[in-house]
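Residue numbers (full-length UniProt numbering): 1 to 557.
All C-beta atoms, glycine included, are put in the ideal place defined by N, C-alpha and C.
On a predicted model such as this, the values are computed, not experimentally measured, just so you know.
One structure below.
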């Protein structure tokens, strides 16, 4: 979706139709057209439409999405460009909101990865509208200026069964019954953002300067309404919601319409979050082989609870410095050091979720080497880093009155290494290898003793990841074949359960014939059963998709 709607009006007339099919009843279609409105090209347009649908691999799930996008660009004066854009997005997800599949402490799924805690009548529906305006111009050869204004509104309604934990209902020694809670939730967001940025190029003596400066503002009004129907299986105050069997689930025996929602009370939150900031950065060319950078950014925030009148405010300055040295042509060494200041989401400041929370703060150190040799045919980038973050807000697994509670970690430190190699092995063969080592540890668990780690490991942060992608061109057939592999090392969930390592493989083939392009992709080639991430004990791990096969046919004219 992001790639689709960020395309802008083009100067050349282009039109494209694309059809896609795949397993799990996947189907998609899109149309896009762009080009000049007038012969002089000073007014340009783009229109696009996209739709898809599929049956999810989790039982009871399906999805449908539609996107409409229209934009127009005007040349103003000799250097100015004004772009206006409107986007409409609709998404309907059946059998959602999804949680994970229960696992044992070794990270093995206790049942089929297709298992779902939701009923066929559960859903998550979303409608979003986005309007965007941007003006760019260069008042002189030394200046570049851009200004942007963005408005969006999205409305979301979801009714789903939240898993509340397994019990041994038949007393045979195996916990086989997932207790559930019904949640009926509305979320309405209305936001506006604006920013002004400028680049000024000048020099002081032999030193060249590239000054970047700007300011931005963001306001989000968020309204939330919810009802909760309690489980019928446990608790002092039992409700009407039955559980579901983990091994032999029978769906359709009840739904949200059976739980007397008309009689249940509503709870609500209404917040307005405002973010504002300004920055100044200088990129200096000290010599032809030595570059430096220094920047400051000031950020402020104001979060208002529109129901009780409470308010949380704050501001701080962050900064960064860095330097790059050209060791020889094509080999650059760099180092940088930066601080960060990030206010929490306004909705997380409400006392009903455990708030308010202090802003997240961070410090980052990084050194590295960037290499580009053989006219760009070989690039090798390496980096060593340390990142320290405090006040990271995450779910702690507790539920109070149907509301997931949050807590803040005191301090998390990540230290690691990243390596990225891209090489043209031959004129037809390209290889990309990536490796990352990340040692993420919880140094301070916070004042409430949140346990988002096993010992001191940070949740869902693998120590080792590896990626491979390679493509071989077959010019005789105007084709190319590609192969990819991804490995993710062992992790821990929010409750410290093991998340097993995994490796998955993808292949693809594409061919071009005149204006036609055909591509076939196979993802998770060997149908690996794996978890993409871990949540908590009651909600399990999120399973990765099984083997997916896609065919895509595109025609450009």
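Taking a cut-off of 8 Å for Cβ pairs, the region 502–509 and the region 530–548 touch, as three or more such pairs fall below it.
The DSSP-derived three-state label of residue 122 is coil. Contact fails between the region 90–101 and the region 41–50, because fewer than three Cβ pairs, one in each stretch, are under 8 Å apart. Within the model, the alpha-carbon separation for residue 556 versus residue 87 is close to 23 Å. Contact check between the region 191–211 and the region 143–155: three or more CB pairs, one atom from each, fall below 8 Å, which counts as touching.
For residue 139 and residue 211, the gap between their C-alpha atoms comes out near 15 Å.
Judged by their CB atoms, residue 382 and residue 369 are nearer to each other than the 8 Å cut-off. Fully enclosed beta strand (DSSP E) runs of no fewer than 3 residues occupy 392–400, 403–409 and 411–424 of the region 387–424, in order along the chain.
Using a Cβ distance threshold of 8 Å, residue 277 and residue 297 count as a contacting pair. Judged by pairs of C-beta atoms under 8 Å, the region 202–210 does not touch the region 147–154, as fewer than three such pairs exist. Inter-segment contact for the region 328–342 and the region 354–369 is present: three or more beta-carbon pairs are separated by less than 8 Å.
In terms of CA proximity to residue 272, 223 leads the group 251, 223 and 432. When the alpha-carbon of residue 83 is set against those of 104, 133 and 54, the nearest one is in 133. By the C-beta criterion, the region 287–303 is judged not to be in contact with the region 238–250, since fewer than 3 inter-stretch pairs fall below 8 Å.
The three-state reading of DSSP puts residue 296 in strand, counting E and B together. Selection 480, 18, 540 and 549 evaluated against residue 164 yields 540 as nearest (Cα-Cα). Taking 4 residues as the minimum length, the region 426–503 contains no alpha helix (DSSP H) run wholly inside it. With contacts defined by Cβ atoms closer than 8 Å, residue 389 and residue 407 do not form a contacting pair. Annotation: the region 88–148 contains the following complete segments of the beta strand (DSSP E) (minimum length 3 residues), in chain order: 123–140. Judged by DSSP in its simplified three-state form, residue 537 adopts coil rather than helix or strand. Between residue 65 and residue 49, the beta carbon gap of about 12 Å keeps them out of contact (Cβ cut-off 8 Å). Sorting 153, 177, 265 and 231 by C-alpha distance to the C-alpha of residue 220 places 153 at the top. Residue 25 is classed as exposed because its beta carbon has fewer than 16 other beta carbons within 10 Å across all chains shown. Taken atom to atom, the span from the alpha-carbon of residue 47 to that of residue 17 is near 12 Å. By the neighbour-count criterion, in which a residue is buried when 16 or more other Cβ atoms sit within 10 angstroms of its Cβ, residue 301 is buried. In this chain, the beta strand (DSSP E) harbouring residue 224 covers 207–229.
Boundaries for residue 375: no beta strand (DSSP E) harbours it, and the DSSP string shows neither H nor E there.
At a Cβ-Cβ threshold of 8 Å, residue 180 and residue 250 do not count as neighbours. Where residue 517 is concerned, the enclosing beta strand (DSSP E) starts and stops at 516–523. Using a Cβ distance threshold of 8 Å, residue 306 and residue 351 do not count as a contacting pair.
Restricting attention to 119, 284 and 295, the CA atom closest to the CA of residue 255 is found in 119. Check the Cα spacing between residue 283 and each of 54, 264 and 323: the tightest is with 323. Of the candidates 274, 230 and 226, the residue whose Cα lies closest to the Cα of residue 193 is 274. Runs of the beta strand (DSSP E) lying entirely within the region 333–387 and spanning at least 3 residues, in chain order: 360–373. Contact between the region 544–555 and the region 513–528 is present: 3 or more CB-CB pairs across the two stretches fall below 8 Å.
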